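Counting from 7, one number per residue, gives the positions in the sequence shown under the working numbering.
Contents: one structure, followed by commentary.
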Amino acid sequence: MAPDSGKRLPVTKRVLLARHIEDDLRRRIAVGDLGLGQSLPSRRDLAEQYGVALGTLQRAVASLLAEGVLSADARRGTFVAGQPSASTAGPKVARLGVVALYQPEDGTDEDNWGYWTLKAFEREASDLGAVISTVDAQPADPSQAVRDAVEAGAGALLLLVLKHPCRDAPVLAALAEAERAGLPVVMVSDRRGPLPVTRLRVDEWHGGYLAAQHLLAAGYEQVAFLSAHTDSWTTERAAGAVAALEVLSPGQPLHMRWASSQPLSAYLALSPEQRAACWRKLIVGLPSSGALGLVCPTDSEAALAAAVCREGGWVVGRQVGIVGYDNSPLARAAGLTSMRQPIEELGETAARLLQRALAGERLPSEMPLPFHLVARQSTDRRGD
């Protein structure tokens with residue numbers, strides 16, 4: 007982020023930036039990047055690292071001080087609350103249970119996020135010396151799966167719910183069963199709404215901010231967020247992109263266009279010709295003077311946007327920059343800049359958090375993990 011000092015942002019945007027910093031500091035503490043009792047850099051240095059004004063950074067720190075996550079005194083400055091113990095690894099052998107709701111029939115496909123999250127969890131848990139006592143994938147009764155984990159000796163539980171059609175009621179019932187058994191639970195989920203456990207999720211707002219930030223840094227003078235469908239996650243990404251423009255290019259609006267109020271599932275039900283028509287409609291009438299950056303919700307839609315732009319005579323990369331999401335094989339083949347989801351990081355972080363819970367540490371209620379940008383030819387202004 008570039009500093010927002012000198013530009014007075016709307017209060018709501020300053021609050022969102024502060025909340026993102028607060029979430030990131032929580033994440034760094036939870037995964038051990040910042041240990042108990044460890045001093046933080048000075049607040050001015052932290053503000054510079056995050057690319058925000060000092061007041062925005064102070065807001066984030068004040069919230070963590072109020073909750074007791076951080077402490078501060080005149081001698082040590084600001085530091086992580088608590089004292090380092092002789093051993094932070096928790097019990098010698100941690101037994102972890104897993105209840106996984108995803109689509110195992112999709113095998114090892116890159117977009118089978120549940121498979122890759124679970125694989126990363128098992129690898130990290132093993133590296134930490136833990137034993138996976140039970141893994142129940144696609145249980146007919148998630149609550150019974152929790153009881154099975156307890157009987158197998160699990161001291162903590164991963165509940166994985168990714169790209170799965172089950173209703174909320176069985177998930178909540180499983181969480182209630184874990185609470186009755188006294189099991190610490192970390193949930194990795196793409197679902198929205200408050201939950202009574204620590205939830206790891208992808209930070210969609212950050213994904214929108216980072217995409218717009220990259221386009222501006224690459225020299226695209228105007229930025230548009232386009233989507234052929236409307237979902238909570240596309241709305242969050244658009245909000246992040248708006249914030250990036252307000253911080254990095256004040257006064258320049260984000261061009262936002264939605265072709266439909268229907269969700270992604272309705273868009274995917276369209277024929278290829280209908281999808282292409284949606285993207286032609288979205289792109290027609292966009293500014294044609296100066297370099298234009300486009301943020302698209304998925305790599306497949308970014309590829310369609312690139313095809314439509316080429317039909318119109320634009321040189322992708324030089325005249326129009328395009329960013330997609332998910333870093334799929336299609337993005338690699340088509341040379342599309344893409345936002346990589348932190349899928350493996352979700353599993354790794356879940357394993358570390360459960361170890362910390364077994365060691366008696368209190369976990370945050372929610373931890374959003376950031377996207378990672380993979381830059382390719384579609385945002386290289388030196389040529390197509």
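Quick reminder that beta carbons are idealized off the backbone N, C-alpha and C, glycines included.
Since this is a predicted model, take the numbers as computed values, not measurements.
- Around the beta carbon of Val-301, a 10 Å sphere encloses 16 or more other beta carbons of the protein chains shown; the residue is thus reported as buried.
- A contact is defined here as three or more CB-CB pairs under 8 angstroms, and the region 276-286 meets this definition with respect to the region 302-311.
- Secondary structure note for Thr-123: its alpha helix (DSSP H) is the uninterrupted segment 119-133.
- Around the beta carbon of Pro-190, 16 or more other beta carbons lie within 10 angstroms, which makes this residue buried.
- Per DSSP, reduced to three states, the secondary structure at Ser-48 is coil, with no helix or strand assignment.
- As a beta-bridge residue in DSSP terms, His-378 pairs with Arg-346.
- In the three-state DSSP reduction, Asp-79 falls in the strand class (E or B).
- In this chain, Tyr-108 is not harboured by any beta strand (DSSP E), its DSSP state being neither H nor E.
- Excluding its 5 nearest sequence neighbours in each direction, Glu-157 has no C-beta neighbour in its own chain below 6 angstroms.
- Three or more Cβ pairs closer than 8 angstroms define a contact, and the region 264-282 meets that threshold against the region 229-238.
- When the Cα atoms are used, Val-86 and Leu-70 turn out to be separated by approximately 10 angstroms.
- Thr-84 carries a strand assignment under DSSP once its states are collapsed to helix, strand and coil.
- For Gly-330, the pairing in a beta bridge is given by DSSP as Ser-344.
- Residue state for Gln-144 is assigned as coil, using DSSP reduced to three classes.
- In its chain, beyond the 5 residues on either side, Leu-107 have a beta carbon closer than 7 angstroms to the beta carbon of Cys-172.
- Nearest neighbour of Glu-351 by Cα position, chosen from Leu-222, Trp-122, Val-253, turns out to be Trp-122.
- Within the same chain, Val-229, Gly-299, Gly-327 come within 6 angstroms of Leu-221 by CB-CB distance, once the 5 residues on both sides are set aside.
- By the Cβ neighbour-count rule, Pro-376 is buried, with 16 or more other Cβ atoms within 10 Å of its own.
- With fewer than 16 other beta carbons inside 10 angstroms of its own, Asp-174 counts as exposed.
- For the pair Ala-244 and Val-167, the Cα-to-Cα distance works out to about 25 angstroms.
- Taking the C-beta atoms as reference points, Ala-356 is found no nearer than 7 angstroms to Val-248.
- Less than 7 angstroms divides the Cβ of Glu-210 from the Cβ of Glu-242.
- The count of Cβ pairs closer than 8 angstroms, one atom from the region 332-352 and one from the region 49-63, stays below three, leaving the stretches out of contact.
- The three-state reading of DSSP puts Ser-139 in strand, counting E and B together.
- Between the alpha carbons of Val-152 and Gly-43 lies a gap of roughly 35 angstroms.
- Distance check between Arg-205 and each of Arg-382, Val-290, Leu-360, Ala-100 places Leu-360 closest, using alpha-carbon atoms only.
- Burial is judged here by how many other beta carbons sit within 10 angstroms of a residue's own beta carbon; Leu-22 has at least 16 and is buried.
- The criterion of a C-beta distance shorter than 7 angstroms is satisfied by Ala-66 and Ala-24.
- Where Trp-264 is concerned, the enclosing beta strand (DSSP E) starts and stops at 261-264.
- Between Arg-387 and Ala-297, the beta carbon gap of about 7 angstroms places them in contact (Cβ cut-off 8 angstroms).
- Comparing alpha carbon positions, the residue from Asn-333, Trp-264, Cys-315 closest to Gln-325 is Cys-315.
- Taking the CA atoms as reference points, Gln-383 sits about 28 angstroms from Ser-277.
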